[in-house]
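Q: Mind having a look at this structure? Questions to follow.
2 protein chains.
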Amino acid sequence: MVDNPFYGPETQGDYKLHDLGNLILESGETLRGAKLAYRTFGTPNAEKSNAVLVTTWFSGTGKVMQDVYVGPDHALDPNRYFIVIVDQLGSGVSSSPQNTPPPQAMAKFPKLCIGDDVRAQHRMLTDLFGIERLALVVGGSMGGQQVYEWAVVHPRMVERAAPIAATARISLHQQVFVETLKEAITSDPRWNSGWYASGLVVREGMDRMARIVATLGRSTQFYQEERWRSVVGMSSLDDFINGVMKAYFEPMDPNVLLCEMHKWQRADVSRHAGGDLAAALARVEARTMVMPISHDGFFPPHECEADCRLVPGALFRVIQSPEGHMGLNGFEPGYMEQVDRHLNELLAA
Amino acid sequence: MVDNPFYGPETQGDYKLHDLGNLILESGETLRGAKLAYRTFGTPNAEKSNAVLVTTWFSGTGKVMQDVYVGPDHALDPNRYFIVIVDQLGSGVSSSPQNTPPPQAMAKFPKLCIGDDVRAQHRMLTDLFGIERLALVVGGSMGGQQVYEWAVVHPRMVERAAPIAATARISLHQQVFVETLKEAITSDPRWNSGWYASGLVVREGMDRMARIVATLGRSTQFYQEERWRSVVGMSSLDDFINGVMKAYFEPMDPNVLLCEMHKWQRADVSRHAGGDLAAALARVEARTMVMPISHDGFFPPHECEADCRLVPGALFRVIQSPEGHMGLNGFEPGYMEQVDRHLNELLAA
């Protein structure tokens, strides 16, 4: 286990841990003493019909969802909804390689898939809150992969689904890209097959990974227009790479990111229908709004649109953001305004 | 020096070497005994008005330009033109890290820039062939960077210019991307700061680089449609990554690729006008046809179009190719047909 304050309450704010006990994983392995980190906002109404589940993305935690997506000035308004933000497994805050005791610590932490997240979240929502209907499941990127999984696996429970900047089945292009990220970390000899005393010793591999994320995670327009000046207040390309991209990942745990990459690389709802994506997405009963980001290099709009055509009655709303995939963090003016407008439209439906 | 048969005539076919003697580089350093590899097709006419210069791209040599772009069935027809294909410096065939004797061998090979190529090529064309006018300068990717350099530095000598899949100034996005490629190689401890007995010992770093090239070098559509089946005859994603991407780079020399990356990352005609790209491109007198590839992740059409607007009278023709940047290799049906049509239009102008 690695004591990393980045994943503690001093950085992540107020969250609670729900103990699931043993969680049998899709792989057949059991994650013992599985814990989900969550935070709630608002109050369930009498019919428990106002619950909203918010999921998290690669490298992100419930904190960024709380800070950027939830509040009285947003569609996800705690005055109207009972909002549950849940950290994905392996996020560093929920059960993860660096916070799980032996014999499942570090490199021995089990391999997970998105289906494990949804099973864990389903147990938490039903056991802890008695929730049987979700007015909305919403999340971006890997959070969107969880949304698709929810909508396919629990079609009657999910009334509305909003996968943002995500596809229902990982593309082959993303499989290759994620592998380059994994190789950037695992090729650092100090990663040492996952056994290190502190994530900081794997800084070289983490830095290499951060730069690769920068190439597809931001659009060519973001660079062409030097938008780091206005969007994140950086003074040059190096300042941006060091001060934003590398600095963002530096406090994180390498095994946490690798754990998430494994899931990211394999997300695929078609496995519920023998590999038939159309058949899997045809099961969705939720009113679905597919929301790609216009300049996304991870989950480009044309791939999201292909999914959208397979979901009965799904709406398609493109969020305009020259920042690209990492626009998800909400730094760009106008980004959250669009998200809120689209989510309000969906919530009113 | 490394004896690598990949860069010899058994692989590269018939080429000649032109000895330039000492080449003073833009950096101030001198490349001693500089040699340019070239091959010619066709015959100069009496006025020497039919000369065409063909340049090479990253990892490519004159051989691929000969095989794919030149022939009686192409716009670059040896029956009409005197075609000179010249390998860029550092290509492995022209003077390069692995074929240059001490004290400039291997890691001590000087850092080059695109301006050095154009100066070397200019000397060769004038000294060896007495060429004073070029009916056309054409090349793709780094070859296109050379085309822009030619058109800006020798505006009266270049009658027509066709930069394919290239920009006149490297984008900041490409600077970051190329850095990820360099880091993939240089992080391999067996690269050993450039001192290795054979490029094959740096296979891990080279393989990591090959995978990163695969992410932006081919389009998301290429993966989505599994075009490796039809375009290059591969049976799966792994088969494609191993059998095409890694196999393509495996016989190459790591220092050669790093030498080219250094140039690729710095190509910028605006340095001739104090950083003012518009002023530099305004000097171009060549009839110019800017030819991006529709799905190019390296030099996207919108960036090429921005250059095009700055070149007086330039034409803009997008080559449709879902393969993306590496479509340059001409495997895709219809690719060369478009290139030939556009070049014929330009040559007729």
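Quick mapping for you: the protein sequence lines, in order, are chains A and B. No gaps in the numbering here: position 303 of the first sequence is 303 in this note's numbering, and each next residue is one more. With positions in the second sequence counted from 1, the corresponding number in this note's numbering is that position plus 349. Cβ coordinates follow ideal geometry from the N, Cα and C atoms, glycine included.
#1: May I ask which residues mark the beginning and end of the beta strand (DSSP E) holding His611 (chain B)?
#2: Does Tyr387 (chain B) come out as helix, strand or coil in the three-state DSSP assignment?
#3: Using a C-beta to C-beta distance shorter than 9 Å, which residues of chain B count as neighbours of His295 (chain A)?
#4: Residues in the same chain with beta-carbon distance under 6 Å from Phe589 (chain B), minus the five sequence neighbours each way, listed in chain order, please.
#5: Leaving aside the five residues before and after Lys384 (chain B) along the sequence, list all residues of the same chain whose C-beta is less than 8 Å from its C-beta, in chain order.
#6: Are the beta-carbon atoms belonging to Gln66 (chain A) and Gly13 (chain A) less than 9 Å from one another?
#7: Between the Cα of Val54 (chain A) and the Cα atoms of A:Lys108, A:Pro110, A:Arg160 and A:Met106, which residue gives the shortest distance?
#8: Is the shortest distance between the beta-carbon of Ser193 (chain A) and the beta-carbons of chain B less than 9 Å?
#9: Could you name the residues of the same chain whose beta carbon sits closer than 7 Å to that of Asp307 (chain A), not counting the 5 residues immediately before and after it, in chain order?
#10: If you reduce the DSSP assignment to three classes, tell me which class Met326 (chain A) lands in.
#11: Which residues of chain B have a Cβ atom closer than 7 Å to the Cβ of Gln145 (chain A), listed in chain order?
#12: Leaving out five residues on either side along the sequence, give the residues of the same chain with a beta carbon under 6 Å from the beta carbon of Val496 (chain B).
#13: Rounded to whole angstroms, what is the Cα-Cα separation between Arg557 (chain B) and Glu183 (chain A)?
#14: State the Cα-Cα distance for the pair Val401 (chain B) and Arg567 (chain B), rounded to the nearest angstrom.
#15: For the structure I just gave you, are there three or more beta carbon pairs, one from the segment 468-487 of chain B and one from the segment 612-624 of chain B, closer than 8 Å?
#16: Going along the chain, which unbroken runs of the beta strand (DSSP E) with 3 or more residues stay wholly within the segment 535-597 of chain B?
#17: In the DSSP output, which residue or residues are listed as bridge partners for Phe665 (chain B)?
#18: Looking at Glu132 (chain A) and the ligand GTP, is the gap between the Cβ and the nearest heavy atom below 8 Å?
#19: According to DSSP, Val625 (chain B) sits in a beta bridge with which residue or residues?
#20: Is His503 (chain B) near His471 (chain B), with beta carbons less than 9 Å apart?
#21: Based on the DSSP secondary-structure assignment, which residues constitute the bridge partners of Arg518 (chain B)?
#22: If the cut is a Cβ gap below 9 Å, which residues of chain A does Tyr572 (chain B) touch?
#23: With which residues is Lys16 (chain A) paired in a DSSP beta bridge?
#24: Taking the CB atoms as reference points, tell me whether Phe222 (chain A) and Val213 (chain A) lie closer together than 9 Å.
#25: Among all the DSSP beta bridges, which residues are the ones paired with Ile434 (chain B)?
#26: Just tell me which of B:Gln437, B:His522, B:Glu378 and B:Gln573 has its CA closest to the CA of Gln224 (chain A).
#27: Output yes or no for whether 9 Å exceeds the beta carbon distance between Arg39 (chain A) and Tyr7 (chain A).
#28: Considering only the alpha carbon of each residue, which of B:Thr535, B:Gly493, B:Leu477 and B:Pro421 lies closest to Leu606 (chain B)?
#29: Taking Glu149 (chain A) and Val339 (chain A) to be in contact with their CB atoms under 8 Å, please state how far apart those CB atoms are, rounded to whole angstroms.
#30: So Ser193 (chain A) and Ala279 (chain A) are in contact, right, with Cβ under 8 Å, and what is the actual spacing, rounded?
#31: Residues of chain B with a CB under 7 Å from the CB of Ala214 (chain A): which are they?
#32: For Arg636 (chain B) and Leu695 (chain B), which I take to be in contact (beta-carbon distance under 8 Å), what is that distance rounded to the nearest angstrom?
#33: Taking all protein chains shown into account, decide if Trp544 (chain B) is buried (16 or more other Cβ within 10 angstroms of its Cβ) or exposed.
#34: Who pairs with Pro512 (chain B) in a beta bridge, going by DSSP?
#35: Using the C-alpha atoms, what's the distance from Ser585 (chain B) back to Lys63 (chain A)?
#36: Cutting at 6 Å between CB atoms, please list the residues of its own chain near Leu112 (chain A), excluding the five before and the five after it.
A: On the basis of the supplied data:
#1: From DSSP, His611 (chain B) is part of no beta strand (DSSP E) but of the alpha helix (DSSP H) over Pro603 to Trp613.
#2: strand
#3: Ordered by position in chain B, no residue passes the 9 Å Cβ test against His295 (chain A), which lies about 11 Å from the chain.
#4: Trp577 and Met583
#5: Excluding positions up to five away in sequence, the list reads Leu366, His367, Asp368, Leu369, Ser443 and Ser444.
#6: yes
#7: A:Arg160
#8: no
#9: Thr167, Ala168, Leu281 and Val290
#10: helix
#11: In chain order: nothing, as chain B lies at least about 17 Å away.
#12: Val486, Gly488, Ala510 and Pro512
#13: 7 Å
#14: 29 Å
#15: no
#16: none
#17: Phe665 (chain B) is bridged to B:Val639.
#18: The ligand GTP is not part of this structure, which contains no ligands at all.
#19: Correcting the residue type first, residue 625 (chain B) is Asp in the shown sequence and not Val. Under DSSP, Asp625 (chain B) shares a beta bridge with no residue.
#20: The answer is yes: Cβ separation under 9 Å.
#21: B:Asp617
#22: Ser171, Leu172, His173, Gln174, Gln175 and Val176
#23: A:Tyr38
#24: no
#25: B:Arg388 and B:Val403
#26: B:His522
#27: Contact: no.
#28: B:Thr535
#29: About 21 Å separates the two Cβ atoms, so there is no contact after all.
#30: Contact doesn't hold; Cβ gap of about 39 Å is too wide.
#31: Val525
#32: 7 Å
#33: exposed
#34: B:Gly488
#35: 39 Å
#36: Cβ neighbours of Leu112 (chain A) beyond the five flanking positions: Leu89, Gly90 and Lys263.
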